[in-house]
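**Student:** Residue numbers (my numbering): 53 to 197. Glycine included, C-beta positions come from ideal geometry on N, C-alpha and C. I'd like to ask some things about the structure below.
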């Protein structure tokens, strides 16, 4: 350890500086705003303001309705569950480990397309009526988590 290897502790240095605190600070006088003009004044225009011209976000056409409470559910068919062993417990985590689902987003729903030949306990967010029938017909359980 010598003086050339010394470094400040992690998290102790910040990239912010105090604007307008005199010439000695390196950011005094105009405080990084340059000389005159609209952007040098207080109350400079908001982001996206184009000097009175109709701004881009208002010129572009908007269509439809965006539901802010929309849930992005990933659908998986019953036949995909054939990769699991008989009497296995199928959870969201198990589906991720087998790489059947990459990103479960807001939930997983099992759909009834295809055939299932194994008795499984499936614990996911939702089931279609057909999928629930096929799982329970083989003696398995369809549990909503």
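Counting Cβ pairs, one atom from each stretch, are 3 or more of them under 8 Å apart for the region 138-148 and the region 105-124?
**Tutor:** No, the region 138-148 is not in contact with the region 105-124.
**Student:** May I ask you to report which of helix, strand or coil DSSP gives residue 147?
**Tutor:** To locate residue 147, count along the chain shown from 1; it is residue 95. Here residue 147 sits in helix by DSSP.
**Student:** Cβ atoms of residue 88 and residue 126: under 8 Å apart, would you say?
**Tutor:** Counting from one through the chain shown, the residue named residue 126 turns up at place 74. Counting from one through the chain shown, the residue named residue 88 turns up at place 36. Result no, Cβ atoms of residue 126 and residue 88 do not sit closer than 8 Å.
**Student:** For my contact list, residue 161 and residue 178 are in at a C-beta cut-off of 8 Å; report their separation, rounded to the angstrom.
**Tutor:** Locating residue 161 in the chain shown gives position 109, where the first residue counts as 1. Locating residue 178 in the chain shown gives position 126, where the first residue counts as 1. Indeed they touch by this definition, with Cβ atoms about 4 Å apart.
**Student:** Compare the C-alpha of residue 180 against each of 164, 190 and 172 and name the closest.
**Tutor:** Position 128 of the chain shown, counted from the start, is the residue given in the question as residue 180. Residue 164 is the option with its Cα nearest to residue 180.
**Student:** How should residue 183 be labelled, buried or exposed, when 16 other C-beta atoms within 10 angstroms of its C-beta is the threshold for buried?
**Tutor:** Translated into positions along the chain shown, residue 183 becomes position 131. The residue is buried, with at least 16 neighbouring Cβ atoms inside 10 Å.
**Student:** Among 102, 170 and 96, whose alpha-carbon lies nearest the alpha-carbon of residue 189?
**Tutor:** Reading the chain shown from its first residue, position 137 is the one you call residue 189. When each option's Cα is compared against that of residue 189, the closest is 170.
**Student:** With respect to the beta strand (DSSP E) encompassing residue 161, which residues constitute its N-terminal and C-terminal limits?
**Tutor:** Here residue 161 refers to the residue found at position 109 of the chain shown. Residues 159-163.
**Student:** Would you decide whether residue 136 is buried or exposed? Buried here means 16 or more other CB atoms lie within 10 Å of its CB.
**Tutor:** Within the chain shown, residue 136 is the residue found at index 84, counting from 1. Looking at its Cβ environment, which holds 16 or more other Cβ atoms inside 10 Å, residue 136 is buried.
**Student:** Less than 8 Å between C-beta atoms, sequence neighbours within five positions excluded: which residues of the same chain meet that for residue 150?
**Tutor:** The residue labelled residue 150 in the question sits at position 98 within the chain shown. Closer than 8 Å at Cβ, skipping near neighbours: 135 and 136.
**Student:** Specify the secondary structure class of residue 193 as computed by DSSP and reduced to three states.
**Tutor:** Taking the chain shown and counting its residues from 1, one reaches residue 193 at position 141. Three-state DSSP puts residue 193 in a strand.
**Student:** Counting C-beta neighbours from all protein chains within 10 Å, is the total for residue 186 16 or more, i.e. buried, or is it exposed?
**Tutor:** Residue mapping note: residue 186 aligns to position 134 of the chain shown, counting from 1. Buried: at least 16 other Cβ atoms inside 10 Å.
**Student:** Starting from residue 127, follow its DSSP beta bridges and name the residues at the other end.
**Tutor:** As a first step, residue 127 must be located in the chain shown, where it is residue number 75. Partner(s): 161.
**Student:** So which of 197, 168 and 176 has the shortest CA-CA distance to residue 191?
**Tutor:** Position 139 of the chain shown, counted from the first residue, corresponds to residue 191. Comparing Cα-Cα distances from residue 191 to each of 197, 168 and 176, the minimum goes to 168.
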